[in-house]
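Asker:
In the numbering used here, the protein residues as written are 33 to 136.
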């Protein structure tokens, strides 16, 4: 990752029904893999969970800039992810945007 250019960070949090957790995690993994592999502006895409709150899934994504994230929203793998939200009954609890200050 070029730390001098990848400065746009997205943290998205989701509430996932217990019955759909494994399927949703697999879908997140697919979106993560394709984002880093197929999008030059996506440098990191982590899928994380909380040990004592298995219903919460959080995505931590690092892009060059807002334009790179906006491009992400147009990709086929994001479309599949977006469709999965409804399919699995997942609720988006929050999406926050950050500018990384350090490291530069």
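All residues carry an ideal CB built from backbone N, CA and C; glycine is no exception.
List the endpoints of the continuous alpha helix (DSSP H) containing residue 62.
Answerer: Where residue 62 is concerned, the enclosing alpha helix (DSSP H) stretches over 53-70.
Asker: Output yes or no for whether 7 Å exceeds the beta carbon distance between residue 132 and residue 39.
Answerer: Yes. Within cutoff.
Asker: Distance, Cα to Cα, residue 50 vs residue 82?
Answerer: If I take the Cα positions, the gap works out to 14 Å.
Asker: With respect to the beta strand (DSSP E) encompassing residue 47, which residues constitute its N-terminal and C-terminal limits?
Answerer: That run of the beta strand (DSSP E) goes 40-47.
Asker: Mind checking which residues open and close the beta strand (DSSP E) that includes residue 99?
Answerer: Element bounds for residue 99: not the beta strand (DSSP E) but the alpha helix (DSSP H), 98-104.
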